[in-house]
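K.L.:
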Amino acid sequence: MAKYSQEFKLEVVQYYLSGFGKVSTGNKYNVHPNDVVKWVAVFQQHGVSGLNRKNKKSIFTIEFKYRVVTTILFEGLSLTEAIQRFQIRETSIIRSWLRQYQENGIDGLKPKPKGRSKHMSKPKLPKTSKTDQDKTQKELLEELAYLRAENAFLKKLRALRLEQEAQEQAEQQKLQDLYQD
Numbered sequence: 001m002a003k004y005s006q007e008f009k010l011e012v013v014q015y016y017l018s019g020f021g022k023v024s025t026g027n028k029y030n031v032h033p034n035d036v037v038k039w040v041a042v043f044q045q046h047g048v049s050g051l052n053r054k055n056k057k058s059i060f061t062i063e064f065k066y067r068v069v070t071t072i073l074f075e076g077l078s079l080t081e082a083i084q085r086f087q088i089r090e091t092s093i094i095r096s097w098l099r100q101y102q103e104n105g106i107d108g109l110k111p112k113p114k115g116r117s118k119h120m121s122k123p124k125l126p127k128t129s130k131t132d133q134d135k136t137q138k139e140l141l142e143e144l145a146y147l148r149a150e151n152a153f154l155k156k157l158r159a160l161r162l163e164q165e166a167q168e169q170a171e172q173q174k175l176q177d178l179y180q181d
């Protein structure tokens, strides 16, 4: 979604309040009519300060999310009514909470960890404390499968590296041929 300045939003709201409909206002300013309605509602409830862009992302507690979702479900609020009542900026936030709640219940509203995990999970290595003669057939087969997989991985890695080097050499040769002509 495009970011609009407070002045632009105020201009759109004033145009709408001067007697024009949401569709004609949206067409004139090239914004979606739902944005016009949302900005007008925020302006009427909070004044000009409600049209400010937030500089930081809001963090909502699981209790707050649950209260919003259950209020919508039990009272039959629309998303627009909910963002006005609970002073949330976007309907998409509430829409995602509803979807998460329907799929996973209250656990779906819990915050998810962001970014990559800090550690790659390492494959489970077979225990080497036993000698080969002391291992069971199952342990030997597991170790054999692990070593085969490791070997296949290393072969594939080497093949990819050789292929990349060959492509780089071919590209360098093409560049040399171009400069010689």
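Reminder that position 25 of the sequence shown reads as 25 in my numbering, one-by-one numbering, no gaps.
Yeah, the Cβ is synthetic: ideal placement off N, Cα and C, and Gly gets one too.
Since this is a predicted model, take the numbers as computed values, not measurements.
Quick one: give me the first and last residue of the alpha helix (DSSP H) that residue 24 is part of.
P.N.:
Segment 22-29, the alpha helix (DSSP H) holding residue 24.
K.L.:
State the Cα-Cα distance for the pair residue 32 and residue 10, rounded to the nearest angstrom.
P.N.:
Spanning the two alpha carbons is a distance of roughly 15 Å.
K.L.:
CA-CA distance, residue 157 and residue 149?
P.N.:
Rounded to the nearest angstrom, the two C-alpha atoms are 12 Å apart.
K.L.:
Confirm, please, whether the CB-CB distance from residue 13 to residue 26 is below 8 Å.
P.N.:
It is not a contact, given that the beta carbons lie outside the stated cut-off.
K.L.:
When you compare the CB positions of residue 109 and residue 72, do they come within less than 8 Å of one another, or not?
P.N.:
Going by C-beta atoms, residue 109 is not nearer than 8 Å to residue 72.
K.L.:
Assign residue 48 to one of two classes, buried (16 or more other C-beta atoms within 10 Å of its C-beta) or exposed (fewer than that).
P.N.:
Classification of residue 48: exposed, given that the 10 Å Cβ count is below 16.
K.L.:
Could you tell me the alpha carbon to alpha carbon distance between residue 53 and residue 90, rounded to whole angstroms?
P.N.:
Each residue's Cα considered, the two are about 12 Å apart.
K.L.:
Give the secondary structure of residue 52 by DSSP, where H, G and I count as helix, E and B as strand, and everything else as coil.
P.N.:
Three-state DSSP puts residue 52 in coil, outside helix and strand.
K.L.:
In whole angstroms, what separates the C-alpha of residue 74 from that of residue 102?
P.N.:
Their backbone Cα atoms lie some 14 Å apart in a straight line.
K.L.:
Excluding the 5 residues flanking residue 87 on each side, which residues of the same chain have their C-beta closer than 7 Å to its C-beta?
P.N.:
For residue 87, where only same-chain residues beyond five positions count, there are no Cβ hits under 7 Å.
K.L.:
Mind checking residue 94: buried by the 16 CB within 10 Å criterion, or exposed?
P.N.:
Its Cβ being crowded by 16 or more others within 10 Å, residue 94 is buried.
K.L.:
Distance check for residue 176 and residue 29, CA to CA, integer angstroms please.
P.N.:
C-alpha separation (whole angstroms): 55 Å.
K.L.:
In its own chain, which residues sit with a C-beta less than 8 Å from the C-beta of residue 130, not counting the 5 before and 5 after it?
P.N.:
139, listed in sequence order.
K.L.:
Out of 82, 51, 21, 19, point me to the one whose CA is closest to residue 8's CA.
P.N.:
The option with the nearest alpha carbon to residue 8 is 51.
K.L.:
State yes or no: is the C-beta of residue 4 within less than 8 Å of the C-beta of residue 40?
P.N.:
The answer is no: Cβ separation not under 8 Å.
K.L.:
Along the chain, where does the alpha helix (DSSP H) containing residue 70 start, and where does it finish?
P.N.:
Note, residue 70: alpha helix (DSSP H), 62-75.
K.L.:
Quick one: complete alpha helix (DSSP H) runs, 4+ long, within the segment 75-112?
P.N.:
Whole alpha helix (DSSP H) segments, 4+ residues: 79-86, 91-104.
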